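Trainee:
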Amino acid sequence: MRPRKAVILGGGPAGLYAAWTLLQLGFETHLIEREPVIGGLCASLPAGLNCYSHGTHAFHDADVKFLEEFRSLTGNNAIGKKRQVRIQLGGQLYPYPLRGIDLWRNLPVELAIRCLCGFGGALLAAPFHRDRPGNAEEAIVRLYGRTLYEAMFADYTQRFWGMPVREISAEFVAQRMPRFNPAERV
Ligand SMILES: Cc1cc2nc3c(=O)[nH]c(=O)nc-3n(C[C@H](O)[C@H](O)[C@H](O)COP(=O)(O)OP(=O)(O)OC[C@H]3O[C@@H](n4cnc5c(N)ncnc54)[C@H](O)[C@@H]3O)c2cc1C
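To convert a position in the sequence shown, counted from 1, into the working numbering, add 444.
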C-alpha cells in the first residue's frame with residue numbers, strides 16, 4: 445500500500461504538533477516553513493552567541509496528555525514551574541488564579557459583597573443556560589458573575605490579548621481560564 449502523505453504549511457506550534465501527530469499515525473509528512481527557523485511566534489532566534497525568545501514559552505498544565513507527549517520529546521529540557529502571577533486591584537496584589545479567600549480578605553467590603561453576590565448568582569444560573577456563550581465576555585460573566593468580571597478580568601484580558609473581550613472567542617475561556625475549586629465555591 446502506498447504511504448499516505450500530508451503537507452503542512454507553517455512550522456509554528458500548531459503545524460509542528462499536527463506534523464508530530466500525523467507522523468505517529470503513519471503519514472509521510474512534509475512541513476513547509478517560510479521563515480529560516482521553525483517555531484512561529486514561539487521561535488527562539490539566534491543572534492551572535494545568544495538565542496532570544498519573543499516571549500515566555502509556558503504551557504498550561506490543563507491538558508495532561510499533551511504535556512506528557514511534549515515531555516517525551518523534550519526530556520529534561522522542559523522545566524516545571526509553579527505559576528506566580530499577580531493581579532493588581534486598588535493598590536493590592538492578588539495571586540492569580542484568583543482564590544476566593546484572598547478576595548474576601550482584601551477587597552473593600554462593599555465590592556467583596558457585590559462580587560460574592562454576582563458569583564453566587566452565576567453559580568445558581570449555570571444549570572439554566574440553554575445556549576453556549578457567544579464570546580469571551582459572556583463566558584467569563586457566566587463563570588464569575590458580572591462584578592468580578594468588571595473588577596478583575598475585563599481590563600486585564602483586553603490588554604493581554606489586544607482586542608475587546610467581546611471579540612475573543614468563548615472557547616478561549618474554556619481552554620485557558622482557571623476555575624475556583626469546589627471548596628472555594630462553597
Ligand atoms: C510575546 C509572546 C509570548 C507568548 N507566550 C506564550 C506562552 O507562554 N504560552 C503559550 O501557550 N502561548 C504563548 N504565546 C502565544 C503563542 O506563541 C501562539 O499562540 C502560537 O505561536 C500560535 O501557534 P500557531 O502555530 O497557530 O501560529 P504561529 O506561531 O504564528 O506559526 C505560524 C507559522 O506559519 C508560518 N507561515 C505562515 N504562512 C506561511 C506560508 N504561506 N508558508 C509557509 N509557512 C507559513 C509562519 O512563518 C509561522 O512560523 C505567546 C505569544 C507572544 C507573541
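By construction, the Cβ of each residue, glycine as well, lies at the ideal position given by its N, Cα and C atoms.
Since we're looking at a predicted model, the values are computed, not measured.
Can you find the residues in the same chain that come closer than 6 Å, C-beta to C-beta, to L466, ignoring five residues on each side of it along the sequence?
Mentor: These residues qualify, in order along the chain: A450 and T473.
Trainee: Given this structure, state the Cα-to-Cα distance separating H504 from I476, to the nearest angstrom.
Mentor: 27 Å
Trainee: I believe C486 touches P457 by the beta-carbon criterion, under 8 Å. Please report the beta-carbon distance rounded to the nearest angstrom.
Mentor: 6 Å
Trainee: I need the residues with a C-beta less than 6 Å from some heavy atom of ligand 1; please give them in chain order.
Mentor: Spelled out in chain order, the answer is L453, G454, G455, G456, P457, A458, G459, I476, E477, R478, E479, G484, L485, C486, H498, G499, T500, H501, A502 and F503.
Trainee: Can you check which of these residues, N521, A522, L547 and G524, is closest to L533 by C-alpha distance?
Mentor: Scanning N521, A522, L547 and G524 for the CA closest to the CA of L533 turns up L547.
Trainee: Compute the Euclidean distance between the alpha carbons of Q602 and G492, then round it to the nearest angstrom.
Mentor: 36 Å
Trainee: Taking the DSSP output, what are the residues bridged to S488?
Mentor: Note: S488 sits in a beta bridge opposite S497.
Trainee: Sorted by chain position, which residues of the same chain lie with C-beta nearer than 6 Å to L453's C-beta, five sequence neighbours on each side aside?
Mentor: I476
Trainee: To the nearest angstrom, how far is the alpha carbon of A566 from that of V585?
Mentor: Linking A566 to V585 through their CA atoms gives a straight-line distance of about 7 Å.
Trainee: So, at 6 Å on beta carbons, what are the nonlocal neighbours of Y538 in its own chain, with the 5 sequence-adjacent residues on each side left out?
Mentor: I531 and D546
Trainee: Would you check if there are 3 or more beta carbon pairs closer than 8 Å linking the region 549–562 to the region 571–582?
Mentor: The way I'd put it, the region 549–562 doesn't touch the region 571–582; fewer than three beta-carbon pairs between them come closer than 8 Å.
Trainee: In the structure shown, what three-state DSSP assignment does V617 receive?
Mentor: V617 falls in the helix class under three-state DSSP.
Trainee: Please report how far the alpha carbon of G589 lies from the alpha carbon of F514, in whole angstroms.
Mentor: 35 Å
Trainee: Taking DSSP as the reference, what is the three-state secondary structure of P541?
Mentor: coil
Trainee: Where are the alpha helix (DSSP H) runs, 4 residues long or more, that stay fully inside the region 446–488, in chain order?
Mentor: 457–468, all fully within the region 446–488.
Trainee: Can you say whether T591 is buried or exposed, counting buried as having 16 or more other CB atoms within 10 angstroms of its CB?
Mentor: By the neighbour-count rule (16 or more Cβ atoms within 10 Å), T591 is buried.
Trainee: Would you tell me roughly how many angstroms separate the C-alpha atoms of L587 and I612, rounded to the nearest one?
Mentor: 16 Å
Trainee: Count the other CB atoms, across all protein chains shown, that sit within 10 Å of the CB of E479; report buried if there are 16 or more and exposed otherwise.
Mentor: exposed
Trainee: So which of A463, F471, G459 and A462 has the shortest CA-CA distance to R446?
Mentor: F471
Trainee: Let me know the secondary structure DSSP gives V585 once reduced to three states.
Mentor: helix
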